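Here the structure is laid out as C-alpha cells; the discussion comes afterwards.
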Amino acid sequence: MAAVLVLVFLVVPLAELYVIIQVGSAIGTLNTVALLLLMGLAGGWLMKREGLGVLRRVQSQLAQGRAPGTELVDGFLILFGGALMLSPGFLTDALGLALLVPPARALVRRALTRRFQARIDGGRGVRGLGDRGRDEPRGGSGYLDV
C-alpha cells in the first residue's frame, strides 16, 4: 500500500511535470496552457453528458425492477475519470478522458468485473473465523453462551 501512495503522490506529479515541460518546449507555453484548458473543458463536457446518461440508465433499470450493476460501475468510472481531470497534466487528463469515453470505459469495466469476479470466486469454500460449521448449533463444543 505504501508503494501505491508513493506512486500516486510522488511519481505521478513528477511525470506530469516532466511531460508538461517537454510539451511546453515543443509547442510553446501558451499553446501548452491552451491545450490543458481545452482538455479540461472537453473532460467537463464529457463528464456531464456521460454522467447524466448513466443516471438515466440507472433510473430506468430501477423502474424495471432490475439491479443497475453495469451502470453503477460506469458511474464510478466516470467519477474517477472526472477526478483525474482535476489534476493538471497530460497523463492524468488522457487517462481521465479515456474513462469518460464509452468504448474505453467498457474495456476498463470488463477488466474490473473479471477481477472482482475472480476475487469473489477465489473466496468460496472459506468457512469463516469460527471453528464450528454453519449447521452446528450454538452451544457446541467450545462455545460459551452468556
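First residue of the sequence shown: 1102, per the numbering used here; consecutive thereafter. Every residue, glycine too, gets a C-beta built ideally from N, C-alpha and C. These numbers were taken from a predicted model, which means no experiment stands behind them.
#1: With distances taken Cα to Cα, identify the nearest neighbour of A1298 among G1152, I1121, L1156 and A1212.
#2: In three-state DSSP terms, what is A1103?
#3: Report buried or exposed for G1129, applying the criterion of at least 16 other Cβ atoms within 10 angstroms of its Cβ.
#4: Where does R1211 land, buried or exposed, given buried means 16+ other C-beta within 10 angstroms?
#5: Using only the alpha-carbon positions, how far apart do L1208 and L1178 sit?
#6: What's the gap between the Cα of F1217 and the Cα of L1200?
#7: Cα-Cα, which of Q1123, L1173 and T1171 is closest to L1192?
#8: Is the number of C-beta pairs between the stretch 1169-1183 and the stretch 1143-1158 that are closer than 8 Å three or more?
#9: Compare the C-alpha of E1117 against each of T1133, P1204, M1148 and M1102 and name the closest.
Based on what the coordinates show:
#1: The first residue shown for the chain is 1102 and the last is 1247, placing residue 1298 beyond what the model contains.
#2: For the purposes of this step, residue 1103 is taken as the residue at position 2 of the sequence shown. Three-state result, A1103: helix.
#3: One-based indexing of the sequence shown puts residue 1129 at position 28. Exposed, because fewer than 16 other Cβ atoms sit within 10 Å of the Cβ of G1129.
#4: Reading the sequence shown from its first residue, position 110 is the one you call residue 1211. Its Cβ having fewer than 16 others within 10 Å, R1211 is exposed.
#5: The count along the sequence shown starts at 1 and reaches residue 1208 at position 107. The count along the sequence shown starts at 1 and reaches residue 1178 at position 77. So the two alpha carbons sit approximately 11 Å from each other.
#6: For the purposes of this step, residue 1217 is taken as the residue at position 116 of the sequence shown. For the purposes of this step, residue 1200 is taken as the residue at position 99 of the sequence shown. Answer to the nearest angstrom: the Cα atoms are 18 Å apart.
#7: Position 91 of the sequence shown, counting from 1, holds the residue named residue 1192. When only C-alpha atoms are compared, the closest one is Q1123.
#8: yes
#9: If you number the sequence shown from 1, residue 1117 lands on position 16. Per the Cα distances, T1133.
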